[in-house]
Amino acid sequence: MENFLVSLESASRTLKTADHMTYITFPLIKDKRLLIKILSEIYSSVTSTINAIIQYEYFYKRIVLHSDAAMNFRTFRERCAPRFGISQEDISKIIELFSIIEKHRQSPLEFVRKDKFVIMSNNAHMDIVTVEKLKEFLIIAKDMLKKVDSVVQKRG
């Protein structure tokens, strides 16, 4: 099986997990700390989808892979995303998702307030994760996976 198919399968599996956690587990349990776990599942799915796109394009010799992840993301954004019908708004949301995850990893302080998960940075800047924001990210991840699946299925 090609690498891009393995990445697509992984993206689909983690996206189903994130969807289930968002729409079934979270409303049932109501633990706000679950929000960050859902966010990381969406991140994992989006990352796998982007990897699948890059591997697919590399397989058909349309792009060159780099050892630097930032260069690969730039290649994705500039050359691959338009071919797969991924809009600039979607890419902006993906960058926002990546930024929130990075801030979560580096955060000295995180806490729950009302229906929000708050991530504090070193300069006292706050990033807030809500269920609504997670649902936005989930919609983008599902749409992106659907577009990639349709392109790969057409190719056979």
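Position 146, counted from 1, in the sequence shown is what this note's numbering calls 1046; the numbers after and before it change by one each time, with no gaps.
A virtual CB, placed ideally from N, CA and C, is assigned to each residue, including glycine.
Asked	Found
Is residue 993 buried or exposed, if buried means 16 or more other CB atoms sit within 10 Å of its CB?	buried
Could you please give me the residues that DSSP links to residue 1013 through a beta bridge?	1016
Residue 968 by DSSP, collapsed to three states: which one?	coil
Counting beta carbon pairs with one atom in the stretch 914-929 and one in the stretch 995-1007, are three or more of them shorter than 8 Å?	no
Let's see if you can read the secondary structure: which residues bound the beta strand (DSSP E) around residue 919?	No beta strand (DSSP E) holds residue 919; the alpha helix (DSSP H) holding it covers 903-920.
If we count the other Cβ atoms within 10 Å of its Cβ and call it buried at 16 or more, is residue 964 buried or exposed?	exposed
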